[in-house]
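Student: Quick one: the structure is below, questions incoming.
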Amino acid sequence: MKKNLYLLLLLCCAIPDGFAQLHSVSLEQIDSLQRIEKRKTIVFIQTYWCQFCHAMKNTTFKNEEIIKELNTAFYFVNFNAEEKRTVVFNKTTFQFKSTGNNTGTHELAIALGTINKQLNFPVLCVLNSENEIIFQHSGYLKPKELKLILAKLKE
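Taking mature numbering (1 follows the signal peptide of the UniProt record, and there is no 0), I'd label the letters of the sequence shown as residues -20 to -1, 1 to 135.
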């Protein structure tokens, strides 16, 4: 048993930084997290069918510098715009709005992701510690572009 424990500890210590994982929280957790530590919240609004959403997940959000920055300075939420469950956020209840057979959009995705009366994926929405929208961006962001945005948000 001790041998297994030592082996496990050795493996944990030997894992290189290249295995950093982006820590994601749910929107329902934000209020309680803000009471512990005030931070801006980055909400990544995406769908499963969106190619640019998948590209961002596989490149931008796998970048070690971005992962480190998001994990240490922000709360990160990965939100599926076609989520079917009811979400209570900021004392408001949001639900999935059906537009046909197995299609529709969550009201929260509409509330946080609509820019110029349009909802185009992916959307990066930044909330301040009072859950007010302070920045929105629609479309794919390269790691370098997101790094610049995150640096500005920390100012």
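We treat Cβ as the ideally placed atom computed from N, Cα and C, and that holds for glycine.
1) Write down the C-beta distance between G119 and N100 rounded to the nearest angstrom, noting that I regard them as a contact closer than 8 Å.
2) Between residue 138 and L50, which are expected to be in contact by the criterion C-beta below 8 Å, what is the C-beta distance as a whole number of angstroms?
3) From the DSSP output, in three-state form, read off G119 for me.
4) Write down the C-beta distance between K122 and T40 rounded to the nearest angstrom, noting that I regard them as a contact closer than 8 Å.
5) State the start and end residues of the unbroken alpha helix (DSSP H) segment that holds L13.
6) Given a cut-off of 7 Å, decide if F74 and L88 are closer than it, judged by their beta-carbon atoms.
7) Go to K20, then tell me how far its beta strand (DSSP E) extends in each direction, as first and last residue.
8) Classify T39 as helix, strand or coil using the three-state DSSP reduction.
9) Nearest by alpha-carbon distance to K127: which of K42, D11, S78 is it?
Tutor: The answer reads as follows:
1) About 7 Å; that satisfies the 8 Å criterion.
2) Absent from the model: residue 138. The displayed extent of the chain is -20 to 135, so no value can be given.
3) The answer is coil: DSSP assigns G119 none of H, G, I, E or B.
4) The C-beta separation of K122 from T40 comes to about 6 Å, placing the pair in contact by the 8 Å criterion.
5) Counting along the chain, the alpha helix (DSSP H) containing L13 begins and ends at 10 to 16.
6) Yes, these two residues count as a Cβ contact at 7 Å.
7) Bounds of the beta strand (DSSP E) holding K20 are 20 to 26.
8) Judged by DSSP in its simplified three-state form, T39 adopts coil rather than helix or strand.
9) K127 has its Cα closest to that of K42, out of K42, D11, S78.
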